[in-house]
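Numbering (the UniProt record's numbering), first residue to last: 1 to 293.
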Amino acid sequence: MNEKQNPQSMLTIVMVFSMIIWGISWPSNKVLTTFGSAADLGFFRYGFVIISLILLLILLKTKLVISKKGIPFLLISGLLMATYNYTFLGGLKNGSPGAGGILVTTLNPVMAYGLGMLIDWKKPTRNESIGLLFGIIAGLTLLKVWGNEDIFAKPGNLYFLLSALIWSVMSKFTSKSAKYGSPFAFTWWMYVVTFICIVPFCDFSAINGLLKTTDIRFWGNVLFSSVITTTLATTTYFFATSKIGAEKASSFIFIVPFSAAVFSFAILGEQLEIHTLIGGLLGISAVYMINKK
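Take a look at the structure:
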């Protein structure tokens, strides 16, 4: 019993830390959007991800071989990731970064469970239903909807709604990765496909200019975004989808808004308000309820 619980407990701890890192990435990605387009920034991000993750896989002695049957899942996942890169960074640039980001993280788990019901005919348990309700209330509280009724109508925030849908669908595909080889190998190849999809849309004169920049804000944030956020935290998330399913893995995303608010306060000096604390605690409660045995 303990042997089964220990890996599960370790995965839970690692997922919590990964979601905290995702929260830190919000203000970091907002800074990055001032340096270039989604495609140009994606070129740097996924270029560094491919290099850093292959080094990690070599260190872990993980084979990059996956089954031929997994290639369609791989190609679709990579295309969805490339699309998500565009919609999420587009939202940060054209929408309301804080509110829009909360929309994504609140809707991701809800959509993941919705897809689970439609595709797998998997009905949420009582605890999962309570957790999802907590998560929705957490999102509405964080958005402060009682004084921000038009948040869903702002055109720029449509990017975030699309991001939530894309991420939920992609999570369903990555949840099948263990069937075709190592989930880490699947994820590496997915990032390669993402990079290939992004390259045709890049402005290489702009990329050349960024290569010459000595601005520490650019290099620091792009390395954090790629190596820490994507190679470590996001790859951990995709691994979790293959072990506990897209639905339960997505539930951890409820932690992200609170983490983002705290680090936006610490890094950008944004005010930390009481509704943020209440919403954050509700989000953490949602994760607990959904993953409660």
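Don't be surprised by glycine CBs; every beta carbon is placed ideally from N, CA and C.
Check: residue i C-beta below 7 Å from any heavy atom of the ligand ADP
{"i": "Ala39", "result": "Among the components modelled here there is no ligand, and therefore nothing to report on the ligand ADP."}
Same chain, Cβ closer than 7 Å to residue i, five either side skipped, listed in chain order
{"i": "Ile119", "result": "Lys172"}
{"i": "Arg45", "result": "Val222, Ser225, Ser226 and Thr230"}
{"i": "Met19", "result": "Phe252, Ile253, Ile255, Val256 and Ser259"}
{"i": "Gly245", "result": "Ser175"}
{"i": "Asp215", "result": "none"}
{"i": "Ile54", "result": "Trp188"}
{"i": "Phe134", "result": "Leu282, Ser285, Ala286 and Met289"}
{"i": "Thr34", "result": "none"}
{"i": "Pro109", "result": "Leu132, Gly135, Ser250, Ser251, Ile253 and Phe254"}
{"i": "residue 336", "result": "Past the boundaries of the shown model lies residue 336; the chain is included only from 1 to 293, so the question cannot be answered."}
{"i": "Asp203", "result": "Ser37 and Asp40"}
Exposed unless 16 or more other CB atoms sit within 10 angstroms - verdict on residue i
{"i": "Pro200", "result": "exposed"}
{"i": "Ile51", "result": "exposed"}
{"i": "Gly131", "result": "buried"}
{"i": "Met117", "result": "exposed"}
{"i": "Lys123", "result": "exposed"}
{"i": "Asn29", "result": "buried"}
{"i": "Ser77", "result": "buried"}
{"i": "Ile13", "result": "exposed"}
Residue i in three-state terms, based on DSSP
{"i": "Gly116", "result": "helix"}
{"i": "Gly245", "result": "coil"}
{"i": "Gly283", "result": "helix"}
{"i": "Gly181", "result": "strand"}
{"i": "Glu3", "result": "Below a pLDDT of 50, predicted positions are generally treated as unreliable, and Glu3, at 44, falls in that range; the measurement from the model is reported next regardless. Reduced to three states, the DSSP call for Glu3 is helix."}
Candidates the options, of which the one nearest residue i by Cα
{"i": "Phe218", "options": "Arg45, Leu32 and Asn208", "result": "Leu32"}
{"i": "Asp40", "options": "Pro183, Ser205 and Pro257", "result": "Ser205"}
{"i": "Thr187", "options": "Leu11, Gly283, Tyr180 and Phe238", "result": "Phe238"}
{"i": "Leu140", "options": "Val104, Cys202 and Phe88", "result": "Val104"}
{"i": "Leu89", "options": "Gly42, Thr125, Ala266 and Cys197", "result": "Gly42"}
{"i": "Leu142", "options": "Gly283, Pro109, Leu59 and Ile290", "result": "Gly283"}
{"i": "Thr241", "options": "Tyr113, Leu162, Ala266 and Phe48", "result": "Tyr113"}
{"i": "residue 295", "options": "Phe73, Phe48 and Lys292", "result": "No answer is possible for residue 295: the residues shown for the chain start at 1 and end at 293."}
{"i": "Ser37", "options": "Lys93, Glu128, Leu11 and Met10", "result": "Lys93"}
{"i": "Phe17", "options": "Leu277, Gly269, Ala266 and Ile228", "result": "Ile228"}
Residue i and residue j closer than 8 Å at C-beta
{"i": "Met81", "j": "Met190", "result": "yes"}
{"i": "Leu272", "j": "Val262", "result": "yes"}
{"i": "Ser285", "j": "Pro27", "result": "no"}
{"i": "Ala164", "j": "Leu211", "result": "no"}
{"i": "Lys69", "j": "Tyr159", "result": "no"}
{"i": "Ala185", "j": "Leu57", "result": "yes"}
{"i": "Ala249", "j": "Ile21", "result": "no"}
{"i": "Val193", "j": "Leu79", "result": "yes"}
{"i": "Ile166", "j": "Thr87", "result": "yes"}
{"i": "Lys292", "j": "Asn127", "result": "yes"}
{"i": "Thr236", "j": "Met10", "result": "no"}
{"i": "Asn157", "j": "Gly91", "result": "yes"}
Neighbourhood of residue i by C-beta, 6 Å cutoff - its chain only, sequence neighbours within 5 removed
{"i": "Asn2", "result": "Residue placement at Asn2 is poorly supported in this model, since its pLDDT is 48, which falls under 50; the coordinates still yield a value, given next. Cβ within range, chain order: n/a, list empty."}
{"i": "Gly279", "result": "Ala138, Thr141 and Leu142"}
{"i": "Ile24", "result": "Phe263"}
{"i": "Leu115", "result": "Ser168 and Lys172"}
{"i": "Glu247", "result": "Ala112, Tyr113 and Gly116"}
Within-8 Å CB hit, residue i to chain C
{"i": "Leu89", "result": "Although the question refers to chain C, the structure presented lacks it and comprises just one protein chain."}
Cutoff 8 Å; reference residue i; Cβ partners in own chain excluding five residues on either side
{"i": "Tyr84", "result": "Ser163, Ile166, Trp167 and Met170"}
{"i": "His275", "result": "Thr141, Leu142 and Lys144"}
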